[in-house]
Amino acid sequence: MTLRGTGRPRQLLPIACAVIALAAVVLGWYATRTVRPDCTYAISALTDGNGHNMPDENGRVWSYKELADRGYRQAVESGRCAPPRARWQTWIG
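Numbering of the sequence shown is given in our numbering, commencing with residue 327 and proceeding in unit increments.
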């Protein structure tokens with residue numbers, strides 16, 4: 327008596343291994359990305375009548391993202407916020 331489809335698991339094994347390996351690589355990549363812990367800090371920007379940021383004393387116009395990054399960096403340097411760390415470290419506490 328022969329069972330039908332007995333060769334099928336052997337054919338699926340390389341595909342299953344490839345899917346598992348790909349999932350492990352993606353999870354490893356995702357886990358090692360740097361994230362910022364929750365932190366509250368304030369930023370401010372002077373704007374003109376149209377809502378465009380005004381230049382600072384050196385003539386540089388900062389975007390809101392640059393202002394937020396600078397504010398976060400200053401908060402970390404002053405000890406008010408925790409520094410960024412790998413995402414997997416937030417999973418274990």
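Here a beta-carbon is modelled for each residue, glycine too, at the ideal position from N, C-alpha and C.
If contact is defined by three or more beta carbon pairs under 8 Å, each pair taking one atom from either stretch, is the stretch 399–414 in contact with the stretch 356–363? yes
Helix, strand or coil at residue 345 [DSSP, three-state]: The count along the sequence shown starts at 1 and reaches residue 345 at position 19. Residue state, collapsed to three classes: helix.
So, with DSSP's three-state summary, where would you put residue 373? Here residue 373 refers to the residue found at position 47 when the sequence shown is read from its first residue. In this structure, residue 373 counts as strand in the three-state DSSP scheme.
How about residue 367 and residue 400: do their beta carbons lie closer than 9 Å? Numbered from 1 along the sequence shown, position 41 holds the residue referred to as residue 367. Numbered from 1 along the sequence shown, position 74 holds the residue referred to as residue 400. Closer than 9 Å, so yes.
For residue 341 and residue 347, I'd like the C-alpha separation in whole angstroms. To locate residue 341, count along the sequence shown from 1; it is residue 15. To locate residue 347, count along the sequence shown from 1; it is residue 21. One C-alpha to the other measures close to 10 Å.
Indicate the three-state DSSP secondary structure (helix, strand or coil) for residue 402 in the structure shown. Translated into positions along the sequence shown, residue 402 becomes position 76. In this structure, residue 402 counts as helix in the three-state DSSP scheme.
Could you check which residue in 378, 359 and 402 has the C-alpha nearest to that of residue 415? Mapped onto the sequence shown, residue 415 falls at position 89. That would be 359, whose Cα lies nearest to the Cα of residue 415.
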